[in-house]
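Chains S and X supply the protein sequences, listed in that same order.
The opening position of the first sequence corresponds to residue 1 in this note's numbering, with each subsequent residue numbered one higher.
The opening position of the second sequence corresponds to residue 1001 in this note's numbering, with each subsequent residue numbered one higher.
Cβ atoms here follow ideal geometry from the backbone N, Cα and C, with glycine treated the same way.
Single-structure report; data block below.
There are 2 protein chains.
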Amino acid sequence: MYIPTFDDVQAAEHRIAYYIRETPVLTSAFLNRLTSADLFFKCENFQKAGAFKVRGASNAVFSLRNDQLERGVATHSSGNHALSLSYAAGCRGIPCTVVMPRTAPQAKKDAVIGYGGRIVECEPSTSSREATFAEVVKETGADFVHPYNDPRVIAGQATCSKELLRQVEGLEAIVAPIGGGGMISGTCLTLSNLAPDVKIYAAEPEQADDAARSLRAGYIIADDAPVTVADGLKVPLKELTWHFVSNHVSDILTVSETEIIEAMVLIWKIMKIVVEPSSAVTLASILKNPETFAGKRVGIILTGGNVDLDSLPWMNR
Amino acid sequence: MYIPTFDDVQAAEHRIAYYIRETPVLTSAFLNRLTSADLFFKCENFQKAGAFKVRGASNAVFSLRNDQLERGVATHSSGNHALSLSYAAGCRGIPCTVVMPRTAPQAKKDAVIGYGGRIVECEPSTSSREATFAEVVKETGADFVHPYNDPRVIAGQATCSKELLRQVEGLEAIVAPIGGGGMISGTCLTLSNLAPDVKIYAAEPEQADDAARSLRAGYIIADDAPVTVADGLKVPLKELTWHFVSNHVSDILTVSETEIIEAMVLIWKIMKIVVEPSSAVTLASILKNPETFAGKRVGIILTGGNVDLDSLPWMNR
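Set out below in C-alpha cells:
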C-alpha cells in the first residue's frame, strides 16, 4: 500500500490546476451569529462537475503514462466520482467507462454521457457490480480509479484544504463530511504537513455512522447499504483512508437525518447556494456541538452541489 | 424632480460601503458554450438581505440628516425593498415602518420583523395601501423611501454596475431585469458616465411588458396587476426611472413564463446558486436572442435570491 505524501499533493496541485477551479470561500454574518463561531465555507459545489471529486479524478487521469492513455480509465460509481472521472478523461481525450447500477438516476447517467463517458450497466448488487467491472477491465485494459482508496485520488482531494489554508488565515478547525474518507484523508495529509495544530473534524449521518464506530473500535467497520439522505456518505472506509482517519482525525460527529435537512435548508436560504445533503452534515454537526466550535475560526468543506431539483428532501417530509 | 448625478453615485458608494457587500462575479463554461458569449454574473443574490435593493435603501437611510433620524423611514412594499429598508434602518438604529398587504407571505413579514422593521398591514388594494401609508406618514413623520422612484435609491443601485465595471474588463453589454426600473436606471447612470459604449439591455416578462410597451410608445404605460412568476417585476415605471430608461436603454427584451422558469432552473442546476425568478429573466433573454449577444462579453445582474424553498415554480407546472 503506497501512502501518498505531501510531495504528491504539491505535484497534484500543479498537474490539475488547469482542469479545476479555485473555488471561493463564502461567509455568512447570520450563520456566524447563530453558531458564535467564524465560519468559512469552501464552496466545492462551485467546482467543475459540481463536486470536489474532480480534484482526485483529474490527478489520477493526468498521472497516467502515455502508454496507458489508449486503454483509458474505468470506475464504478453512481455519484460525483462518475461525473468527475468522465470530465477529467474528457479533458485528456481518453476513454472512460463507468459501471453503474441500471437503477441509478437518469440525470446522473445523462451527465456522465454529457462529459463523454461510457456507461456499462449492472444490477444493483455488489456481486453484479464486481463481475461487470471485472469484465470491463478485462475487455478494455483500463486503469481503475477507485473513488477514494487510491493515493492519486487522495493527493488530489488534498489540494482543496491547501487552497483553503491559502485563502483563510488563522483557521483553528476544519469540518468535512466523511463517507469513504477521500476528502478527509486529503485534509489530514495537507494539515498534518502545513498546519498540524488545526483540528480536523469529520461529520457523518447517524444512519451511516460506520466511520464513527470504526474510530471508536480501532478497526474498519463496514455497513451493508445504510440508508441516508446524504447519499454520498454511504460507502465504508478502506485501508488507505483508514490510515489517515485513524491517525489524524480529532473526532467524528454524527447528525440525524432531520438535522442534515434543516442545515441544508439553512445553507440554501441564508447563503443562496445549492449544496447536496452530504455537504450539509458539516453545518449540522457544528449546530449540534456549539461548545466545540464557539469562538473559533472554522473551515467547512461544502463538498458538492449536484442535487435533483425536482425532488428536494424537505419536500418529502 | 431631482435627477441623480454620477457625483451622487460616488457619494453613495462611500456612504454604504460598510453596510453592503461587494458581491462576487461568477462565470460558467457551460453557459458560455450554450450562448456563444462570455457571461459575467454579478451575484446580488449574495447581497445583504438577499438582493441589490439594500444598496439603494442604505443610501437613502444613511443620507438622512440627524434631525430626521428619530422619525425614521417608511415605505410600502411586500418584497425585497421592505427587507432592505428594514435592514438599513436597523444598521443606523432608526425606526422603519413598512406597509404591507395582509396577504403578503408570512416569510417576508417574518424577515422584516427579524431585521427590526415594524409592519402595518393594509388590504391588498391600491386604495387601502395609499390610505394606510398616508396614515403612517402622518403619525410618524417618517421619511418616505420609495422602492425605485427616489434619486437616493437610484444612486445606490448605480453602485452595483460601478463595482461590476471594476471587476470585469472589456464588457460590451449589460443585461438587467426591469420592473419599476431602479436597477436599470442606476446602471444607465453609471454606464453613461464611465462606459457609454456598453449597451444596456433590460429584460422583462412578456406578461408584465409595460416597460417594453412604454419604450415603443414613448411614454409611461402602467398595467394594473400583471401576473408573472417574476414577482419583483410587476410594478410600473415612474417619471425618474422613465428618464433613464427612455434616454439610455438599447432595448427591452421580453420572455415567456416558461422561458423564465427554464432559465432559473439552468442557473440553479449549472451554477449551484439560488436566484429569484426575477433574476432569471436576464439569462432567458440572452438564450432567446442569441444573435444579439454571441461573441460578446456580457454582464448579467442577478438581482436577488429570496425565494420560498417550499414552493418553487418548476414544482407547480
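Note down, in chain order, every chain X residue with its Cβ under 8 Å from the Cβ of residue i.
i: S/G45; result: For clarity, residue 45 of chain S is Asn in the given sequence; the question names Gly instead. Within 8 Å Cβ-Cβ: K1272.
Under 8 Å between beta-carbons, which chain S residues line up against residue i? List them in chain order, please.
i: X/L1309; result: V265, W268, K269, L312, W314
When the cut-off is 8 Å and only beta carbons count, does residue i lie next to chain X?
i: S/G50; result: yes
i: S/P24; result: yes
Examine chain S for any beta-carbon lying closer than 8 Å to the beta-carbon of residue i, and answer yes or no.
i: X/G1305; result: yes
Suppose you measure from the CA of residue i to the CA of residue j; what does that come to, to the nearest Å?
i: S/Y115; j: S/G90; result: 6 Å
i: S/F244; j: S/S185; result: 5 Å
i: S/I200; j: S/L237; result: 17 Å
i: S/E121; j: S/P226; result: 22 Å
i: S/E239; j: S/A222; result: 12 Å
i: X/D1007; j: S/N80; result: 50 Å
i: S/V137; j: S/V168; result: 42 Å
i: X/D1038; j: X/V1175; result: 13 Å
i: S/A131; j: S/V99; result: 10 Å
i: S/G180; j: S/W242; result: 9 Å
i: S/A88; j: X/D1110; result: 46 Å
i: S/G93; j: S/V235; result: 29 Å
i: X/P1024; j: S/P205; result: 32 Å
i: S/I178; j: S/A208; result: 10 Å
i: X/L1191; j: X/C1160; result: 11 Å
i: X/G1050; j: S/A155; result: 37 Å
i: X/D1322; j: X/G1170; result: A query on residue 1322 of chain X cannot be resolved here, the shown segment of chain X reaching from 1001 to 1317 and no further.
i: X/T1303; j: X/K1053; result: 8 Å
i: S/P101; j: S/F133; result: 11 Å
i: X/W1314; j: X/A1263; result: 11 Å
i: X/P1004; j: X/E1276; result: 28 Å
i: S/L34; j: X/K1108; result: 20 Å
i: S/A395; j: S/D197; result: The requested residue 395 of chain S is not part of the displayed model; chain S covers only 1 to 317.
i: S/G56; j: X/N1066; result: 58 Å
i: X/D1292; j: X/Q1157; result: The question names Asp, yet the displayed sequence has Thr at residue 1292 of chain X. Rounded to the nearest angstrom, the two C-alpha atoms are 25 Å apart.
i: X/A1074; j: X/I1119; result: 10 Å
i: X/I1016; j: S/I16; result: 40 Å
i: S/A60; j: S/V145; result: 7 Å
i: S/I286; j: S/A142; result: 41 Å
i: S/I260; j: X/R1216; result: 51 Å
i: S/I273; j: S/Q68; result: 39 Å
Verify the CB distance criterion: does residue i have a CB-CB separation below 8 Å to chain B?
i: X/S1285; result: Of the protein chains in this structure, namely S and X, none is chain B.
query: Along the segment 78–107 of chain S, what residues have a CB closer than 8 Å to any CB found in chain X?
result: Result list empty, no residue passes.
message: Could you tell me which whole alpha helix (DSSP H) segments of length 4 or greater appear in the segment 53–139 of chain S?
response: Runs of the alpha helix (DSSP H) inside the segment 53–139 of chain S: 53–61, 80–92, 106–114.
task: Write down every uninterrupted run of the beta strand (DSSP E) in the segment 1171–1257 of chain X whose length is 3 residues or greater and which is fully enclosed by it, in chain order.
output: Counting only runs of 3 or more, we get 1173–1177, 1199–1205, 1251–1255.
query: Taking the runs of the alpha helix (DSSP H) that are 4 residues or longer, which of them lie wholly in the segment 5–40 of chain S?
result: Taking only runs of at least 4 residues, the alpha helix (DSSP H) segments lying wholly in the segment 5–40 of chain S are 6–16, 29–35.
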